[in-house]
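Residue numbers (full-length UniProt numbering): 1 to 449.
Working notes for the structure below.
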């Protein structure tokens with residue numbers, strides 16, 4: 001019986017069976033385990049398609065005893081060829097002449113993504129159980145995680161075409177589990193959100209969906225507002241899936257040592273979350289406790305400004321005028337007045353939908369206005385310091401009489417400085433210091449468009 005790549009797996013399995021049963025006949029001698037192992041020594045001279053043929057044979061014997069040894073030999077050769085510093089570009093060539101199937105022997109050559117992934121279509125024959133084995137083997141050999149993730153998504157998209165519901169669900173589960181073994185940066189947020197959408201349509205288990213969310217959470221700073229505007233699950237009247245956003249947000253903030261958080265990443269997530277709040281605020285089905293959880297999921301310390309947060313609260317309170325005063329207080333008490341711009345702060349003092357307990361006192365408003373004016377015009381601060389002999393920072397804001405003496409009308413200060421020869425120093429005060437809320441660029445939610 002002639003040994004070949006097309007039958008070596010079957011013969012190896014048969015030889016092991018005969019050896020185990022201690023048969024002693026001519027058939028055992030012709031296909032002895034030693035003969036097969038000697039034949040496998042020449043695996044490095046097989047062509048690519050001979051290697052794939054042997055792998056297909058392994059797939060047929062996946063659950064047979066003794067298949068693992070020959071599978072490991074085939075997989076080691078397979079990984080060695082793909083992970084070679086010189087990329088293989090032609091699968092038609094025998095490996096005995098390695099230079100003929102490599103892109104270049106110069107390791108400094110730049111290999112395009114298409115040249116590194118030509119083998120994707122050759123592995124579509126893999127069944128899901130053998131796929132799991134092959135991918136884990138790749139990962140153990142430090143194969144490029146980005147290439148592995150792209151192959152998994154490629155395999156998932158094509159293998160599910162025309163497949164039954166059960167096959168689609170099983171494929172999804174295995175692909176997600178394998179993706180979780182890769183680096184966070186190797187999978188794009190677009191691909192993960194696409195997987196999440198498919199998982200929802202398949203009504204996949206909660207455990208599997210949690211695994212997808214655990215992959216989305218660490219890269220939440222790469223997400224745009226459009227990705228988060230997922231339709232609400234069946235059975236809920238909300239405009240968007242609020243619970244999903246809360247879950248991935250908590251994964252991002254409480255990720256621990258699995259990924260690194262830095263200030264820039266947090267800032268991007270804060271900005272996106274504030275936009276999401278504005279989007280969901282007009283939703284009439286959004287309960288006060290749900291909106292409060294969205295507002296408080298991010299700690300106050302990570303927000304540099306509360307202007308967008310105030311806008312979302314204002315929209316929510318106007319759209320839900322019938323909620324109780326206690327619920328309003330729970331929502332509005334998180335607003336930090338010190339992180340509001342002067343224009344927003346003035347708007348808050350006149351806003352009738354906000355509880356009076358959450359509004360700033362008048363002398364605090366005046367102090368905030370003067371502080372902002374001085375920060376935007378450093379030369380004004382120096383001027384006042386020279387006028388009064390001490391910094392305004394040291395003035396007790398509780399002494400209303402002193403404060404009133406210092407807070408001049410802008411036009412009066414301008415005229416005084418012009419008389420003193422200051423001329424144009426305050427020309428920009430009115431332009432930079434006073435704006436109305438309607439003149440600012442305010443994000444309006446798609447829900448209202």
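Virtual Cβ for every residue (Gly too), placed ideally from N, Cα, C.
Close-in-space but distant-in-sequence residues of the same chain around residue i (CB under 6 angstroms, 5 per side omitted)
i, result
"residue 314", "none"
"residue 26", "Per-residue confidence for residue 26 stands at a pLDDT of 47, beneath the threshold of 50, marking its modelled position as unreliable; no derived number is given."
"residue 196", "212"
"residue 288", "323, 327"
"residue 341", "307"
"residue 437", "Because residue 437 sits at a pLDDT of 42, beneath the cut-off of 50, its placement in the model cannot be relied upon, and the following sentence gives the value as read from the coordinates. If we look at residue 437 and ignore the five residues flanking it on each side, its Cβ neighbours are 343, 347."
"residue 55", "74"
"residue 360", "337"
"residue 290", "242"
"residue 132", "174"
"residue 281", "312, 315, 316"
"residue 339", "305, 306"
"residue 427", "Model confidence at residue 427 stands at a pLDDT of 37, short of 50, so the residue's coordinates are unreliable and nothing is read from them."
Residue range of the unbroken alpha helix (DSSP H) whose run includes residue i
i, result
"residue 288", "288–296"
"residue 203", "Note, residue 203: premise wrong, no alpha helix (DSSP H); not H, not E."
"residue 145", "145–159"
"residue 312", "307–319"
"residue 41", "Taken as a continuous stretch (DSSP letters only), residue 41 belongs to no alpha helix (DSSP H), as it is neither H nor E."
"residue 54", "48–60"
"residue 243", "242–253"
"residue 121", "Run containing residue 121: none; DSSP gives neither H nor E here."
"residue 263", "263–280"
"residue 302", "Counting along the chain, residue 302 falls outside any alpha helix (DSSP H), and DSSP gives it neither H nor E."
"residue 171", "165–179"
"residue 188", "Element bounds for residue 188: n/a, residue is neither H nor E."
"residue 236", "Run containing residue 236: none; DSSP gives neither H nor E here."
"residue 137", "128–140"
"residue 182", "It is not in any alpha helix (DSSP H) - residue 182 carries neither H nor E in the DSSP assignment."
"residue 226", "225–228"
Contact set for residue i: own chain, Cβ-Cβ below 7 angstroms, skip 5 residues either direction
i, result
"residue 215", "179, 180, 187, 192"
"residue 206", "none"
"residue 138", "79, 148"
"residue 120", "151, 154"
"residue 227", "189, 193"
"residue 169", "202, 204"
"residue 333", "358"
"residue 321", "none"
"residue 77", "43, 44, 51"
"residue 232", "238, 239, 240, 241"
"residue 221", "265, 268, 269"
Distance between beta carbons of residue j and residue i, contact taken as under 8 angstroms
i, j, result
"residue 237", "residue 230", "The pair is not a contact, with the Cβ atoms about 15 angstroms apart (cut-off 8 angstroms)."
"residue 223", "residue 272", "7 angstroms"
"residue 348", "residue 310", "7 angstroms"
"residue 83", "residue 141", "6 angstroms"
"residue 279", "residue 331", "The Cβ separation is near 17 angstroms, so there is no contact."
"residue 134", "residue 124", "That belief does not hold up - the Cβ atoms of residue 134 and residue 124 are roughly 12 angstroms apart, past 8 angstroms."
"residue 277", "residue 295", "7 angstroms"
Own chain, CB closer than 8 angstroms to residue i, minus 5 neighbours either side, in chain order
i, result
"residue 283", "238, 239, 240, 319, 447"
"residue 450", "In this structure the chain extends from 1 to 449, so residue 450 is not present and cannot be described."
"residue 156", "171, 172, 175, 195"
"residue 209", "196, 199, 200"
"residue 409", "Annotation note: pLDDT 45 at residue 409 (below 50); position unreliable, no value reported."
"residue 255", "217, 218, 261"
"residue 412", "Caution is warranted here: a pLDDT of 47 is assigned to residue 412, below 50, making its placement in the model unreliable, and the coordinate value is therefore given only provisionally. So the list is empty, once near-sequence residues are dropped."
"residue 97", "Residue placement at residue 97 is flagged as unreliable, the pLDDT there being 41, under the threshold of 50; a coordinate-derived value is accordingly withheld."
"residue 325", "355"
"residue 329", "355, 357, 358"
"residue 225", "272, 275, 276, 279"
Residue-chain proximity (residue i, chain B), Cβ-Cβ < 8 angstroms
i, result
"residue 119", "This model lacks chain B altogether; it includes just one protein chain."
Whole alpha helix (DSSP H) runs in the stretch 329–357 with 4 or more residues, listed along the chain? Those alpha helix (DSSP H) runs which fall completely within the stretch 329–357 and span 4+ residues are 342–350.
At a cut of 8 angstroms, does the stretch 295–313 reach the stretch 263–271 through at least three beta carbon pairs? Contact between the stretch 295–313 and the stretch 263–271 is present: 3 or more CB-CB pairs across the two stretches fall below 8 angstroms.
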